[in-house]
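Notes for the one structure printed next.
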Amino acid sequence: MFEKILIANRGEIALRIHRACREMGIQTVAVHSTADADAMHVRLADESVCIGAPASKDSYLNIPALLSAATITGVEAIHPGVGFLSENASFAEMVREHGFVFIGPEPEHMSLMGDKVTAKQSAKAFGLPVVPGSDGAIGSDEEAIETASTIGYPVLIKASAGGGGRGMKVAENEDELLNSIRLAKTEAKAAFGNDEVYMEKYLNRPRHVEVQLLADAHGNVIHLGERDCSLQRRHQKLLEEAPSPALNVEERAKIGASVTKAMAKLGYQSAGTIEFLYEDGAFFFIEMNTRLQVEHPISEAITGVDIVREQIRIAAGLPMTIRQKDIKLQGHAIECRINAENPENFMPSPGNITDYHAPGGLGVRVDSGLYAGYRVPPYYDSLIAKLIVHGQTRNECLMRLRRALEEFVIEGVQTTIPLHQRLIAESDFINGDYDIHWLERYLGLKS
Ligand code: MV4
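Numbering (the working numbering), first residue to last: 86 to 532.
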């Protein structure tokens, strides 16, 4: 096992990784920008290195500074966390070339899944259900018209280099099609420097259901069930739950088995997530995330598996500590993402935390680097805490969540806590009756 790991991230996820390392007897090196010198992950780490100015490009995305920090502290491995460089295949390659282990999958698998066209082709080749659409990138106008009329309108044009919802265009009919393609190509070129686009049947009211998986170098591939991440606004998730209220036991077992089979064929290693759209009882692969995810704790809550520990073991070449037969889904878990934002208009609300008290008790977990006196910097993502609640049933989970949100005190900045309180009192949410557009409809938004 590694003796020392560098955590190339900040905030609650850096803390989460530090905690896994500490429990495994691994020393940690924190890196931080000049704006994060007082952050909790820096305080708790065994060593810390300042890697640059506040702007992410000068610090958390500064590859030479990160590799220098790894070299001078003598770590064996680098954990990229989530966001930042976590899905950057060339960073993973450079980490390797410098003699460190990248705690994540093979760079080749990161590249394969980073391109949404090759990701979809692989998913299909390995037996996962995909959305009907173009076979690869859109070619000529004639081909596009032909494909659209075969799959039927509305269709969705997506950027191969996209993901996370950027650069998508709906075409309702043939009159709109070629213009939608041109618009999507222009946007994709501007945003990603790559104008390749592909076409899919547009699903009207799907849910976003994603399967968590772990795969080691010894041929063990397991899944930890699914998470329902449909409650989102502008592609920012607000609240996630596991299991999905929409699936039954048979559907869960079937999609889980498809995922593990596909990943075994691919030879994937590390933690990963397969994202599906789910509509009218059918799953459709959309993307794969080749990293740890923000919402991983709800899968941990219902399985008892420490995903970060397993991910580190896998990177060290060790077998996972569990097999699929050991995984018994237990109860229900919900994560509320608490952001330093105005809960009405979602404007960032950085500033001084004047008072802080986290909820506790049975079934309550808080992942956060906050403390009274901490200053939330204005330069980064506004996620400041994750409240993860577990109960024996969904109803118990909801009652406990209501109680925990009431207990949570964060003063000095505005937070999304009041929005969560409103949301979990809505009958559609209580009934588990929502899709990917529900939250935006509820908030009265158009986009
Ligand atoms: C779709 C779709 C409807 N039909 N694909 C958005 C992000 C990217 N991961 C895929 N996305 C979508 N793909 C087809 N064929 C609707 C979305 C979508 C969405 C998906 C998941 C979570 C939130 C979403 C919000 C808007 C649109």
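The beta-carbon is built from N, C-alpha and C at its ideal position, and this holds for glycine as well. In this text, all values refer to a predicted model and were calculated from it rather than measured experimentally.
Asked                                                                                                                : Found
Touch test, the segment 249-265 against the segment 296-311, Cβ-Cβ under 8 Å, three pairs minimum                    : no
Cβ-based burial, residue 221 [other Cβ within 10 Å; buried from 16]                                                  : exposed
Segment contact, 8 Å Cβ cut-off, at least three pairs: the segment 426-444 with the segment 459-478                  : yes
Check: residue 428 C-beta below 7 Å from any heavy atom of the ligand MV4                                            : no
Residue 213 Cβ short of 7 Å to the ligand MV4 heavy atom set                                                         : no
First and last residue of the uninterrupted alpha helix (DSSP H) at residue 396                                      : 392-400
Per DSSP, cross-strand counterpart(s) of residue 135                                                                 : 117
Near the ligand MV4: residue 527 beta-carbon under 7 Å from a heavy atom                                             : no
At least three beta-carbon pairs within less than 8 Å, the segment 157-168 to the segment 101-117                    : yes
Contact check, residue 283 vs residue 218, beta carbons under 8 Å                                                    : yes
Cβ-heavy atom distance, residue 378 to the ligand MV4, below 7 Å                                                     : no
Residue 33 vs residue 286 beta-carbon contact at 8 Å                                                                 : This structure gives no information on residue 33, because the portion of the chain shown stretches from 86 to 532.
Same chain, Cβ closer than 8 Å to residue 208, neighbours up to 5 away in sequence not counted                       : 215, 347, 359, 370 and 373
CA-to-CA distance, residue 273 to residue 189, given in whole angstroms                                              : 27 Å
Residue 463 vs residue 428 beta-carbon contact at 8 Å                                                                : no
Own chain partners of residue 450 with C-beta closer than 6 Å, once the 5 adjacent residues on each side are dropped : 473
Minimum length 4: unbroken alpha helix (DSSP H) runs contained in the segment 334-400                                : 334-351, 381-388 and 392-400
Closest Cα partner of residue 121 within the set 492, 515, 382 and 459                                               : 459
Runs of beta strand (DSSP E) wholly within the segment 230-259 (minimum 3 residues, chain order)                     : 240-244 and 254-256
Residues near residue 101 by beta carbon distance below 7 Å, same chain, minus five either side                      : 393 and 452
Stretch-stretch touch, CB-based, cutoff 8 Å, three pairs: the segment 222-229 with the segment 384-402               : no
Test item: CB-CB of residue 517 and residue 97 under 8 Å                                                             : no
Run of the alpha helix (DSSP H) containing residue 79, from where it starts to where it stops                        : Outside the displayed span of the chain (86 to 532) sits residue 79, for which this structure offers no information.
From 355, 138 and 422, residue whose alpha carbon lies closest to that of residue 321                                : 422
Rounded straight-line distance, which links the Cα of residue 366 to that of residue 140                             : 44 Å
Any non-hydrogen atom of the ligand MV4 closer than 7 Å to residue 216 Cβ                                            : yes
The ligand MV4 heavy atom lying under 7 Å from the CB of residue 254                                                 : no
Backbone secondary structure at residue 148 - three-state DSSP                                                       : helix
Check whether residue 316 and residue 324 have beta carbons under 8 Å apart                                          : yes
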